[in-house]
DNA sequence: CATGAATGAGTGTTCATTCAT
DNA sequence: GATGAATGAACACTCATTCAT
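Structure follows, in structure tokens:
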């Protein structure tokens, strides 16, 4: 028998697909349960509420992304190369697990009320990923590879541009495979935050 | 007495605030109606359904944004200047009407199921804005001010970076006024899509 | 059309019957609604919750009983006669509206958790009746018709003995009509709280 | 290891506390099981259902009370003294085991649907206690110490008055210790069923 | 146009009970 | 006997929408 943690992940994996496809509110607890052959009642042995599943799900995704970024951050390469590796890693992941990325951009960013009780909750559930991204940015600034500017500008450039391509992809408007965009995207991102005419 | 169209806009204005603050699903038709002193029944004289209000709302926002961009596009200035004007215009608008921008980024992009019946609906309800943005991009490429690359890359850079700052702003994590970011953001956006070392 | 208050009373009347017969927990909101030809949703236009219906119901009963007792209290007769009138009035009421009395003794006294949030809520929802009973007792003590003793003793004698016969009646163990017990019950009650050998 | 019967009593003891405090319907089988460090599944090795636990519990209480009354009944003393002893014994028991008395008056009398399948089930589960009380009453009447009246009147007087003080006690409205009320209560009860001017 | 009472399908959650281990 | 994961029917409450007035 699967242990508790394994089963939780099984639920999350299925929920991510359903939430990202049909939205949190149009996905019923019964749907999630049934999708993995589990009874409704038993679902509640693993998550105390539908909402807590949403929260655990974003933590799950955030950790996955953080791991990939951490692996890149730990290498002794230039920031430019790091960005290239990250974009590639991100797009491969998006191809393989669109539900995770889409969950992040659609459900997490689009339905803040699910994740925030008070006004200023920030991105606490995506902390792990955001922190790792911060590391990359800080390191790039430190090494003078990135313009020494407001952190939030950098953050918007990296996360924003990737978010942009993600939305276009999820709406099926892109005419090429994601892989195709790796280089041009990394260059764009790099240009946006680095000094012109290096 | 207000004519039908005026009243529709009144409803939309109030709905935008509520939808963007609490989400579409947590805003009840009764709440919207009450917020402008209207009865529930009467609401349905102006919109056939809650969902149609959501659609009209995004068209409303898209038109507003398109107008601003159109005004900029019509000027005889460099693309670089256009981007600067657009960023400024955008951030001023975001300051004045966060509900509109947030509605666009959160409700519209985050709850696609509300606006898409089939799989490939694209951004039909934001068409006016997207088209105008396309004009700016195409013009910049034509004039060799932007790298002649895939349109979607450019789109992701412009809309993505602005989206990034928008999310940071709506989560109250920015420590300065939006105005502060105008120049650095426009430079970043411009750098991302233009040739290096101009 | 019935006004709001009339409809509330209609709901309460029906709920009293169902609650007292099958218990609060075995009576579904849908049952109550259906019993008076009302939809479930509409029920909630009159009461915010099932629990609030239970509370309103006991207030309703308490008021009815208080009224009867008040009418008796206002007469210029001896306490002995008051008790006789009250017992008669009570038993007639019990015959005519067993659901009200049974609701009081079974649901209200038997399911305190429904009516008490904190530990010491006392009998706040039956206040009107209890207050009127207190008046009768205080008056009898003042006029030296009742032994000058602890109020709670008197209260237990009056309410307790009536409660006793009420339970026997609701269990269908009594072999005679309630009317039959009027005199012996009033004498017993009177004896229990008055001086022996008057 | 405890034998089956001992464990049943252990369950009952804990259940009495929880049922009397929070009500039958707000006490979950899992709560009862956990309260004595037992698994849910194992609970069902001792009681076939939650409802049967409720029934066994009232029999348990009824037997305890019957025993005390039996001991008193067997003494060669006047009915007046018996009543005094019974009241004392009752109040001491109530002080020591409020859960048992409260279970009787609240859960058993207040939720008849739990104990009665048909309409006329009487007090079958409290038979032992009721029978013993009947013995005391019959004996008093026989010895002309009590008025020769309807049995149910006597029953209501004794059980009702004790029930009255019990409710007041369980609602924490009494300002003195229960012991304080022993004499006045026994006198009141005795007066209520005996001839005036003995 | 305007009202708001009425509808009723729908949903998150609970919990007594079962049963494989 | 003992465990606790699994079941699934049940229920309070919601809310978009309708419609009589």
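Residue numbers (this note's numbering), protein chains in the order written: chain S, 5 to 202; chain Z, 5 to 202; chain E, 5 to 202; chain C, 5 to 202.
Glycine included, C-beta positions come from ideal geometry on N, C-alpha and C.
Keep in mind it's a predicted model, so treat the numbers as computed, not measured.
Terminal residues of the alpha helix (DSSP H) in which residue i lies
i, result
"residue 102 (chain Z)", "102-106"
"residue 175 (chain E)", "Neither: residue 175 (chain E) is in no alpha helix (DSSP H) and is coded neither H nor E."
"residue 63 (chain E)", "54-77"
"residue 47 (chain C)", "44-50"
Assumed close pair residue i, residue j - CB separation to whole angstroms, cut-off 8 Å
i, j, result
"residue 66 (chain E)", "residue 19 (chain E)", "Their Cβ separation, rounded to whole angstroms, is 15 Å, which puts residue 66 (chain E) and residue 19 (chain E) out of contact at 8 Å."
"residue 167 (chain E)", "residue 45 (chain C)", "Incorrect: roughly 41 Å between the Cβ atoms, too far for contact."
"residue 84 (chain C)", "residue 199 (chain C)", "Actually they are not in contact, since the Cβ atoms of residue 84 (chain C) and residue 199 (chain C) sit about 12 Å apart, beyond 8 Å."
"residue 108 (chain Z)", "residue 62 (chain Z)", "7 Å"
"residue 93 (chain Z)", "residue 72 (chain Z)", "5 Å"
"residue 91 (chain C)", "residue 186 (chain C)", "6 Å"
"residue 192 (chain S)", "residue 157 (chain Z)", "6 Å"
"residue 175 (chain C)", "residue 127 (chain E)", "7 Å"
"residue 79 (chain Z)", "residue 188 (chain S)", "Not really, about 29 Å apart at Cβ, beyond 8 Å."
Buried or exposed by the 16-neighbour rule on C-beta atoms within 10 Å, applied to residue i
i, result
"residue 125 (chain E)", "exposed"
"residue 184 (chain E)", "exposed"
"residue 40 (chain Z)", "exposed"
"residue 140 (chain E)", "buried"
"residue 196 (chain S)", "buried"
"residue 190 (chain C)", "buried"
"residue 34 (chain Z)", "exposed"
"residue 15 (chain S)", "buried"
"residue 50 (chain Z)", "buried"
"residue 112 (chain Z)", "buried"
"residue 88 (chain S)", "buried"
Own chain, CB closer than 6 Å to residue i, minus 5 neighbours either side, in chain order
i, result
"residue 103 (chain Z)", "20, 21, 24"
"residue 101 (chain E)", "none"
"residue 8 (chain S)", "none"
Residues near residue i in its chain [Cβ-Cβ closer than 8 Å; skip 5 each side]
i, result
"residue 202 (chain C)", "Note that residue 202 (chain C) scores 49 on pLDDT, short of 50, meaning its location in the model is unreliable; the coordinates nonetheless yield the value given after this. Nothing listed; no residue qualifies."
"residue 77 (chain E)", "86, 136, 139, 140, 143"
"residue 170 (chain S)", "98, 105, 106, 109"
"residue 149 (chain E)", "82, 83, 84, 198"
"residue 161 (chain S)", "193, 196, 197"
Assigned secondary structure, residue i (DSSP; H/G/I helix, E/B strand, else coil)
i, result
"residue 198 (chain C)", "strand"
"residue 150 (chain S)", "strand"
"residue 29 (chain Z)", "coil"
"residue 128 (chain C)", "helix"
"residue 120 (chain S)", "coil"
"residue 145 (chain Z)", "helix"
"residue 12 (chain Z)", "helix"
"residue 192 (chain S)", "helix"
"residue 204 (chain C)", "Look at the range of chain C in this structure, 5 to 202, and you will see that residue 204 (chain C) is not part of it."
"residue 88 (chain E)", "helix"
"residue 41 (chain C)", "coil"
"residue 82 (chain C)", "coil"
Own chain residues within Cβ distance below 7 Å of residue i, not counting five before or after
i, result
"residue 173 (chain E)", "98, 182"
"residue 178 (chain C)", "172"
"residue 59 (chain C)", "119, 129"
"residue 30 (chain Z)", "none"
"residue 69 (chain C)", "133"
"residue 117 (chain S)", "none"
"residue 115 (chain E)", "28"
"residue 43 (chain E)", "37"
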